[in-house]
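Chemist: Sharing a structure, written as structure tokens. Questions coming.
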């Protein structure tokens, strides 16, 4: 029950499964659980309020696992941006060897990370962005299809096309992100040219995930139609769980003349979203979730989830697909 890919070889992990960055979720307990299960756990850098806090979280994670883990750092446009250079310094000084980057203009930070010998996995929602990241010298790309939670970009291209185009176009290895939650998705991603998969929503719904049981229950009860797209009119599309707050946001955006961010600022506050995970109030704020909700029907441990996915993918590859090859 082993799948060997360029991802597992480069990162020193057992399974080609990455736990992507997730605001408020990617803490030491989550990352360590995934790494201990044989995948790659990632701390979400900006979940920590300061670079010093990230340094402490990295140290805390090291007390929970001796397996490889990394840090996610997402670069977003902001009037008052976080001190990204300081976060990068902490990552390097702490001896982290794997970083997932995402967002706009990561060039200067990617160069620093590469100079420090860090393996960089950059997340993209479009092939043109992936080609730019490839020129920057990243080691792996994470190709994020329209099915994903959070920001899927503005092109609306799902993974069946996006991954096949990546395989035809890119010269460096990539993994698949968005809409993956079981062995079928893992096998399909490998067939389409990926070296592994990245999952966020599916890992939220595990025993070790640090979110309220009510939210996990809502995810199990949901289906593939239980997300909605907001910020469409602002050209910053976000896929979130379809709760009362998200529906109100979309309603405001659809008013004649559209909406300004100020019209919805209070509804989409990050602080409100964080309280959802803490209190279990499904309608307490907006929170991200992908269409993979349609494939989630239990709350396993990370170990059970990873082993089940790999076993199912192996069976599909060797038995179902292998059995279709006729020997003439």
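Residue numbers (my numbering): -10 to 317.
Backbone N, C-alpha and C fix where the C-beta goes; we use that ideal spot for every residue, glycine too.
Cβ of residue 258 within 8 Å of any heavy atom in the ligand MN?
Modeler: In the structure on display, the ligand MN does not appear, and there are no ligands present to speak of.
Chemist: Would you call residue 224 buried or exposed, if buried means 16 or more other Cβ atoms sit within 10 Å of its Cβ?
Modeler: The residue is exposed, with fewer than 16 neighbouring Cβ atoms inside 10 Å.
Chemist: Would the segment 157 to 170 count as touching the segment 181 to 188 if we require 3 or more Cβ pairs under 8 Å?
Modeler: Because the criterion of three Cβ pairs below 8 Å is met, the segment 157 to 170 and the segment 181 to 188 touch.
Chemist: Evaluate residue 8 with the Cβ neighbour count: other Cβ atoms within 10 Å of its Cβ, from every protein chain shown; 16 or more gives buried, anything less gives exposed.
Modeler: Its Cβ being crowded by 16 or more others within 10 Å, residue 8 is buried.
Chemist: Within 10 angstroms of the Cβ of residue 310, are there 16 or more other Cβ atoms? Answer buried if so, exposed if not.
Modeler: Answer is exposed; the Cβ neighbour count stays below 16.
Chemist: Would you mind giving the Cβ-Cβ distance between residue 167 and residue 302, rounded to the nearest angstrom? I have them listed as a contact below 8 Å.
Modeler: Not a contact, Cβ separation roughly 17 Å.
Chemist: Roughly how many angstroms lie between the CA atoms of residue 68 and residue 258, to the nearest whole one?
Modeler: Taking the straight line from one Cα to the other gives about 16 Å.
Chemist: In its own chain, which residues sit with a C-beta less than 8 Å from the C-beta of residue 44, not counting the 5 before and 5 after it?
Modeler: 79, 82 and 83.
Chemist: Could you tell me the distance, in whole angstroms, from the CA atom of residue 141 to the CA atom of residue 276?
Modeler: Those two C-alpha atoms are separated by around 15 Å.
Chemist: Where residue 47 and residue 10 are concerned, what is the direct C-alpha to C-alpha distance, given to the nearest angstrom?
Modeler: Distance between the alpha carbons of residue 47 and residue 10: 14 Å.
Chemist: Just tell me which of 35, 286, 4 and 2 has its CA closest to the CA of residue 15.
Modeler: Nearest option by C-alpha distance: 35.
Chemist: Helix, strand or coil for residue -7? Go by DSSP, reduced to three states.
Modeler: Residue -7 falls in the coil class under three-state DSSP.
Chemist: Does the distance from the C-beta atom of residue 102 to that of residue 77 stay below 9 Å?
Modeler: Going by C-beta atoms, residue 102 is nearer than 9 Å to residue 77.
Chemist: At which residues does the alpha helix (DSSP H) containing residue 180 begin and terminate?
Modeler: Residues 172 to 180.
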